[in-house]
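In the UniProt record's numbering, the protein residues as written are 1 to 247.
As structure tokens, then:
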């Protein structure tokens with residue numbers, strides 16, 4: 001075997017020797033610059049065949065190591081369909097339904113596959129429950145106000161219905177959803193009037209001192225930002241066709 005000196009200070013004995021990290025970086029850099037394998041071999045201090053093997057290996061990509069997955073693409077599609085049918089099921093229920101479909105997998109494998117698909121277990125966003133008639137009325141209202149400016153909205157008095165829970169056991173189940181699906185209708189938990197809560201309408205209240213103290217904590221800038229957001233809120237209702245939005 002012949003000793004070959006490199007320009008980067010390394011000595012390689014023979015063409016079958018392993019390339020160092022520095023040599024690999026040198027080969028990759030010069031190859032991207034369009035240099036020939038002969039020039040690259042001289043600069044990296046290795047044989048031309050080693051350069052060729054490294055370039056071909058990088059082009060083909062290394063084979064995946066480790067044990068093969070126990071589930072097929074078809075099995076994964078079945079799992080994703082099960083999750084989307086009812087994203088409020090827990091892992092145990094999803095695993096039971098998946099294995100009932102003929103898939104041999106553990107509960108841990110089920111959980112891992114769901115995470116690989118991008119599903120995460122989250123607390124669902126709570127939005128009001130609207131029937132079809134209410135959604136149509138919301139859509140009609142939004143279309144009527146779509147051309148309003150922030151100056152016009154600043155002349156409106158806003159009030160809303162607030163729920164004050166006296167029992168905190170009504171958070172409900174968690175939901176399996178992917179990134180960006182927080183306000184997807186199938187991932188929302190609808191809110192209705194429960195016996196465990198009291199509905200209080202704003203504007204009318206005997207707690208004048210409390211309201212004044214609360215308003216003192218809200219800056220004018222915050223109010224202006226809320227007013228300025230009204231055109232975007234109306235546009236979001238139109239885009240959602242009357243369904244709940246992120247606002």
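All residues carry an ideal CB built from backbone N, CA and C; glycine is no exception.
Looking only at its chain, what residues have a beta carbon closer than 7 Å to the beta carbon of residue i, apart from the 5 residues adjacent to it on each side?
i           : result
residue 121 : 174 and 176
residue 153 : 227 and 230
residue 97  : 82
residue 99  : 105
Pick out whichever of the options has its Cα sitting closest to the Cα of residue i.
i           : options              : result
residue 55  : 103, 46 and 28       : 28
residue 69  : 112, 219 and 45      : 112
residue 158 : 223, 108 and 144     : 223
residue 89  : 119, 238 and 77      : 119
residue 103 : 130, 125, 72 and 84  : 72
residue 43  : 25, 123, 57 and 100  : 25
residue 57  : 100, 19, 232 and 137 : 19
residue 145 : 22, 212 and 237      : 237
residue 84  : 53, 135 and 114      : 114
Buried or exposed, going by whether 16 or more other CB atoms sit within 10 Å of the CB of residue i?
i           : result
residue 185 : exposed
residue 216 : exposed
residue 45  : buried
residue 210 : exposed
residue 77  : exposed
residue 180 : exposed
Starting from the C-beta of residue i, find all residues in its chain whose C-beta is less than 6 Å away, skip the five residues before and the five after it, and write them out in chain order.
i           : result
residue 51  : 27, 37, 40 and 41
residue 246 : 183
residue 219 : none
Pick helix, strand or coil for residue i, following the three-state DSSP scheme.
i           : result
residue 126 : strand
residue 189 : strand
residue 148 : coil
In the DSSP assignment, what are the bridge partners of residue i?
i           : result
residue 177 : 120
residue 232 : DSSP lists no partner for residue 232.
Identify, in the order they occur along the chain, each residue of the same chain with its Cβ nearer than 8 Å to the Cβ of residue i, setting aside the five sequence neighbours on each side.
i           : result
residue 178 : 117, 118, 119 and 120
residue 109 : 70 and 71
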